[in-house]
Amino acid sequence: MTTGTFSVFIQHTSASLSINENADPTVRTDMEKALNMLVPESWATDGLLDHVDEGPDDITGHVKSTIVGANLTIPVSNGRLALGNWQGIYLCEHRNAGGFGGGHARRLVITVQGLLSSSAHKK
4 MTTGTFSVFI
14 QHTSASLSIN
24 ENADPTVRTD
34 MEKALNMLVP
44 ESWATDGLLD
54 HVDEGPDDIT
64 GHVKSTIVGA
74 NLTIPVSNGR
84 LALGNWQGIY
94 LCEHRNAGGF
104 GGGHARRLVI
114 TVQGLLSSSA
124 HKK
């Protein structure tokens with residue numbers, strides 16, 4: 004595909020997708036710190052939030068996921084994702100023991116739409 008769109012959607016309610024700087028690893032940890040300040044787990048442990056069936060990171064994970072978002076659409080240009088120089092795709096895990104071995108499997112749905120190059124049509 005030479006031109007089109009790439010869409011990715013996460014099928015879960017306590018993880019999200021974001022585009023952010025990928026050159027400096029402190030961006031990832033700073034983003035996590037900032038989200039924890041915006042929606043602290045203490046809201047659940049102090050009784051301010053009720054949905055704590057799976058622990059204090061349960062409802063706070065849902066709120067953080069709502070803030071960040073569950074899907075991204077990125078243009079494809081010249082056969083490549085048209086991300087900026089410092090941009091990368093982040094899967095943001097909002098549970099303390101989330102996906103990748105923590106008991107909450109994460110699934111992505113990826114859709115690609117666009118135009119094939121004229122050389123691809125000849126094959």
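Quick note on the numbering used here: the sequence shown kicks off at 4 and runs consecutively. Cβ atoms here follow ideal geometry from the backbone N, Cα and C, with glycine treated the same way. Computed from a predicted model, the values in this text were never measured in an experiment.
**Asked** Enumerated in chain order, which unbroken segments of the beta strand (DSSP E) with a length of 3 residues or greater are wholly contained in the segment 47 to 91?
**Response** Those beta strand (DSSP E) runs which fall completely within the segment 47 to 91 and span 3+ residues are 74 to 80.
**Prompt:** For ALA18, which option in GLN116, LEU94 and THR114 has the closest C-alpha, if you only look at C-alpha atoms?
**Reply:** Considering only alpha carbons, the answer is LEU94.
**Prompt:** Among MET34, ILE62, ALA37 and GLU35, which residue has its Cα nearest to the Cα of ALA47?
**Reply:** For the residues MET34, ILE62, ALA37 and GLU35, the minimum Cα distance to ALA47 belongs to ILE62.
**Contacting residues, own chain, Cβ-Cβ under 6 Å from VAL71 (five flanking each side not counted)** = Closer than 6 Å at the Cβ level, and outside the excluded window around VAL71, lie SER19, SER21 and CYS95.
**Item:** Contact between the segment 70 to 86 and the segment 4 to 19 (3+ Cβ pairs under 8 Å)
**Value:** The segment 70 to 86 makes contact with the segment 4 to 19, as at least three CB pairs between them are under 8 Å.
**Request:** Would you identify the three-state DSSP class for ALA100, choosing helix, strand or coil?
**Result:** Looking at ALA100 - three-state DSSP - the assignment turns out to be coil, as it is neither helix nor strand.
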